[in-house]
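Numbering (full-length UniProt numbering) for the sequence shown: 1 to 729.
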Amino acid sequence: MATDKKTPGVEQLLARAERHARKNEIQLAAQAYQEVLARYPRNERAARGLAALRPPPPATATATPAQADLNALIALYNQGRLQEAQARLRTLLARYPGVPLLHNLQGAIAGAAGRFADAAASYRQALALAPEFAEAHCNLGNALLELGRHAEAIESLERALLLRPTMAEAHYNLGVAWQALNGLDRAIAHYGQALQANPGFAKAQYNLGNAYKVRGDLDEAAACFRRVLAIDPNVAEAHYNLGVVLQEQKRLDEAIDCYDRAVARAPQFTNARAALLILLGRTCAWHRFGASLAELTAGLAIAANDKQAVPPFGLLSLATDPGFQRHAAECYSKANFGRIAELDPFPAATWQTPINVGYFSADFHNHATMYLMARLFAVHDRARFRIHAYSFGPDCQDAMRAHLVDNVDVFHDVRKLDDEAVARLARHENIHIAVDLKGFTEHARTGIFARRAAPIQVSYLGYPGTMASPFMDYLVADPVVIPAEERAHYSERIIYLPHSYQVNDDRRPIAATTPTRAECGLPDSGFVFCCFNHNYKISPDAFAIWMRLLARVPGSVLWLLRLNRWAEANLRAEAVRHGIDADRLVFAERVELPEHLARHRLADLFLDTFNYNAHTTASDALWAGLPMVTCMGRSFPSRVGASLLHALDLPELVTADPAAYEALAWALASEPERLQAVRAKLQANLASAPLFDALRFTRTLESAYEAVYRRHVDGLAPADLDAPDAGPA
Numbered sequence: 001m002a003t004d005k006k007t008p009g010v011e012q013l014l015a016r017a018e019r020h021a022r023k024n025e026i027q028l029a030a031q032a033y034q035e036v037l038a039r040y041p042r043n044e045r046a047a048r049g050l051a052a053l054r055p056p057p058p059a060t061a062t063a064t065p066a067q068a069d070l071n072a073l074i075a076l077y078n079q080g081r082l083q084e085a086q087a088r089l090r091t092l093l094a095r096y097p098g099v100p101l102l103h104n105l106q107g108a109i110a111g112a113a114g115r116f117a118d119a120a121a122s123y124r125q126a127l128a129l130a131p132e133f134a135e136a137h138c139n140l141g142n143a144l145l146e147l148g149r150h151a152e153a154i155e156s157l158e159r160a161l162l163l164r165p166t167m168a169e170a171h172y173n174l175g176v177a178w179q180a181l182n183g184l185d186r187a188i189a190h191y192g193q194a195l196q197a198n199p200g201f202a203k204a205q206y207n208l209g210n211a212y213k214v215r216g217d218l219d220e221a222a223a224c225f226r227r228v229l230a231i232d233p234n235v236a237e238a239h240y241n242l243g244v245v246l247q248e249q250k251r252l253d254e255a256i257d258c259y260d261r262a263v264a265r266a267p268q269f270t271n272a273r274a275a276l277l278i279l280l281g282r283t284c285a286w287h288r289f290g291a292s293l294a295e296l297t298a299g300l301a302i303a304a305n306d307k308q309a310v311p312p313f314g315l316l317s318l319a320t321d322p323g324f325q326r327h328a329a330e331c332y333s334k335a336n337f338g339r340i341a342e343l344d345p346f347p348a349a350t351w352q353t354p355i356n357v358g359y360f361s362a363d364f365h366n367h368a369t370m371y372l373m374a375r376l377f378a379v380h381d382r383a384r385f386r387i388h389a390y391s392f393g394p395d396c397q398d399a400m401r402a403h404l405v406d407n408v409d410v411f412h413d414v415r416k417l418d419d420e421a422v423a424r425l426a427r428h429e430n431i432h433i434a435v436d437l438k439g440f441t442e443h444a445r446t447g448i449f450a451r452r453a454a455p456i457q458v459s460y461l462g463y464p465g466t467m468a469s470p471f472m473d474y475l476v477a478d479p480v481v482i483p484a485e486e487r488a489h490y491s492e493r494i495i496y497l498p499h500s501y502q503v504n505d506d507r508r509p510i511a512a513t514t515p516t517r518a519e520c521g522l523p524d525s526g527f528v529f530c531c532f533n534h535n536y537k538i539s540p541d542a543f544a545i546w547m548r549l550l551a552r553v554p555g556s557v558l559w560l561l562r563l564n565r566w567a568e569a570n571l572r573a574e575a576v577r578h579g580i581d582a583d584r585l586v587f588a589e590r591v592e593l594p595e596h597l598a599r600h601r602l603a604d605l606f607l608d609t610f611n612y613n614a615h616t617t618a619s620d621a622l623w624a625g626l627p628m629v630t631c632m633g634r635s636f637p638s639r640v641g642a643s644l645l646h647a648l649d650l651p652e653l654v655t656a657d658p659a660a661y662e663a664l665a666w667a668l669a670s671e672p673e674r675l676q677a678v679r680a681k682l683q684a685n686l687a688s689a690p691l692f693d694a695l696r697f698t699r700t701l702e703s704a705y706e707a708v709y710r711r712h713v714d715g716l717a718p719a720d721l722d723a724p725d726a727g728p729a
């Protein structure tokens, strides 16, 4: 009689059974094995296979898995073989359901797979079995952190420390939790305790550096990052963050070196690559951009698609594609605020007078934001509105701060409150409309709005673009900065103001005395082209046009703002490369605002930048009577110059492409009568056009506030709004 192995039918049945077993199709596998055994009762392969399908007898309540089984499971987890680890764990849990360690491991596997809700459930099961299981409390806290449930996370982590006060991982996670809530002092304390418990804890050292950096303790932050690099010089993130600190300390050449080292160690580290490119722009080191600016923006488009989230503000000056800018903002918002839960829903709304409006900023001091908004705070209608200012910036007791405090109903210094506490304070004060004046700019506190400080949240002035965030309801704009053909690139509902979106102070003093040309470093004669924009706004294509204008206008100079020595050196070198004497670039020192406005009288024509126009800087020039030529792009920041000029009834100074921009600038520089006519029209319009009518602007904005509040009270979703013009004051 032939043996079983030579019988084809048996081999097929065995293969089928084993295939079903691998797929965990227990019933089908058992049927195939049983069919083999019915024909050949002594077939060992079938007998072993069938036995393997039957679960082992349940263990006793106190039984624990063999150490070898636990070691094998942990090895699979450590190797990242999560599916195999889960399969093995499932078998062990079926036999040992009362073992807390297995539920803790199940949570770890779920967390490693990104299933944090499942992880939290497993840790809770472990704690139900062993309430004093410190590691499970710590792990639950970590899972809750990933879910954005910071208060619950802190509670779990504090329980872990009650059970084991020196648990480094629990202190570290508490530091992460408090840092996420902007509780920097507590975060720093816990990172320090984590390092006391484990001096070699590199993650704690790194995060301690980040916390110091955010708090503004830059020397301490740099020391932390250097300690990380002393342990491992290949940590790209430490090189990057050391670069950020050095950049804030104005040590720009050293910062560039750090970003270079970060990119060299991690070529796909998009935050470091973007920071490098942005800083190269701030120092006008265009020779390192590559073959063209197009290549740079293409590279950043790839970066924006990466899982790493590049802060979007720095990208505004590098490209004018509003679709790209929206995508970058979406990536950043989702990565940084996507897991933050809103506070409790607001109660049903009823109309209340006055409407409570809260303005939130870090810039309530001598800053461009206050230079623009000072009159708005002074002329808000207190019968219709109660105005609150929430300040989370430095405690600068200067003239602008005093003006603000005198012209709002309530001033809140919230520097030391975390984001949730600020949001709760705004709710306690019954703020109806929260106005974010920072957006995604430096020192923003976007987490306040992610938690819902008010039922209506508005982005205004500080960030010229979409925040692409579900918690931001409205963006204040105008039909020039957001034309109909680009509307789809903005996630917020748009409050369209009838003239320029930008408020202006129509009482800013200009010093009576004009400095001499010699005092400003200007030649005794010759045409003065001017651009007092920040260096990072200057692009190679705009600068090339400026150099051609200098070449065509004998004796002319280009008057720029002195911001950093590296940009000055690079711009002079670029001028020489274009065949222009480097001395024809004149750099102005910073002076007080009235004196700065007065020196505009020495210039003949302001040349706007392209991708990121002059904003406050343009208002300065126009208020001082200096004409400006601008070129419109597609994005919000590349159309602000046009917005201001339209609101000043000077559309003839707006161009649609670089060639037209160059032609207009040349025409004005070469035709004195034409330039004088433009100057005269500008001077006449200062008193009559909408741009510098702060009361008219404020009443128009107030009507928009009332309209969006009415929609909310009526239970309607936010919608685009055309604010009616309040008319001349």
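Ideal Cβ placement from N, Cα and C applies to all residues, glycine included.
Nearest-angstrom Cα separation, counted from residue j out to residue i
| i | j | result |
| --- | --- | --- |
| E486 | P322 | 7 angstroms |
| A29 | L89 | 21 angstroms |
| Y332 | H20 | 45 angstroms |
| V553 | G579 | 14 angstroms |
| A87 | R45 | 23 angstroms |
| L497 | R590 | 33 angstroms |
| R39 | Y33 | 10 angstroms |
| D409 | I494 | 27 angstroms |
| N234 | Q268 | 14 angstroms |
| S556 | D604 | 10 angstroms |
| C284 | R424 | 43 angstroms |
| A180 | H365 | 26 angstroms |
| L691 | H327 | 32 angstroms |
| S292 | H137 | Legend: pLDDT at S292 = 41, less than 50; position of this residue unreliable, value from coordinates given subsequently. So the alpha carbons of these two residues sit roughly 53 angstroms apart. |
| G715 | K203 | 47 angstroms |
| L13 | K23 | 16 angstroms |
| H428 | N142 | 30 angstroms |
| P728 | D693 | 7 angstroms |
| E595 | A262 | 42 angstroms |
| V654 | Q683 | 17 angstroms |
| Y191 | R215 | 14 angstroms |
Where the alpha helix (DSSP H) containing residue i begins and where it ends
| i | result |
| --- | --- |
| C284 | Taken as a continuous stretch (DSSP letters only), C284 belongs to no alpha helix (DSSP H), as it is neither H nor E. |
| G323 | 322 to 337 |
| C530 | Here C530 belongs to no alpha helix (DSSP H); instead the beta strand (DSSP E) covers 528 to 531. |
| M628 | Run containing M628: none in the alpha helix (DSSP H); it sits in the beta strand (DSSP E), 628 to 631. |
| Y709 | 694 to 713 |
| Y212 | 202 to 215 |
| I109 | 100 to 112 |
Contact under 9 angstroms by Cβ, residue i with residue j
| i | j | result |
| --- | --- | --- |
| P637 | G465 | yes |
| V708 | P724 | no |
| L252 | A222 | no |
| D620 | F532 | yes |
| A349 | V713 | yes |
| L376 | T616 | no |
| A85 | Y77 | yes |
| I340 | R186 | no |
| L558 | L585 | yes |
| T698 | D381 | yes |
| T446 | F337 | yes |
is_contact[residue i, chain B] using C-beta, thresh 9 angstroms
| i | result |
| --- | --- |
| A189 | In summary, chain B is missing from the structure at hand, where a single protein chain is found. |
Residue range of the beta strand (DSSP E) that includes residue i
| i | result |
| --- | --- |
| I433 | 433 to 436 |
| L605 | 605 to 607 |
| residue 732 | Outside the displayed range of the chain (1 to 729) lies residue 732, so it cannot be described from this structure. |
| A477 | 474 to 477 |
Q. For the 8 angstroms Cβ check, are there 3 or more pairs between the stretch 308 to 327 and the stretch 606 to 617?
A. yes
Q: Just list the beta strand (DSSP E) runs in the stretch 386 to 423, keeping only unbroken ones of 3 residues or longer that don't cross its boundaries, in chain order.
A: 410 to 413
Q. Is the stretch 194 to 206 touching the stretch 154 to 162, taking contact as three or more C-beta pairs under 8 angstroms?
A. no
Q) Is the stretch 255 to 264 touching the stretch 531 to 545 in the sense that three or more CB pairs, one from each, lie closer than 8 angstroms? A) no
Q: Entirely within the stretch 493 to 558 and at least 3 residues each: give me those beta strand (DSSP E) ranges in chain order.
A: 493 to 496, 528 to 531
(Q) With a threshold of 8 angstroms, are at least 3 pairs of Cβ atoms found where one atom belongs to the stretch 474 to 483 and the other to the stretch 334 to 347? (A) no
(Q) Measuring CB atoms only, is the stretch 353 to 364 touching the stretch 381 to 391, in the sense that at least three cross pairs come out at less than 8 angstroms? (A) yes
(Q) Which complete alpha helix (DSSP H) runs does the stretch 140 to 178 hold, if anything under 4 residues is left out? (A) 150 to 163
**Q.** Complete beta strand (DSSP E) runs within the stretch 576 to 662 (minimum length 3 residues, chain order)
**A.** 585 to 588, 605 to 607, 628 to 631
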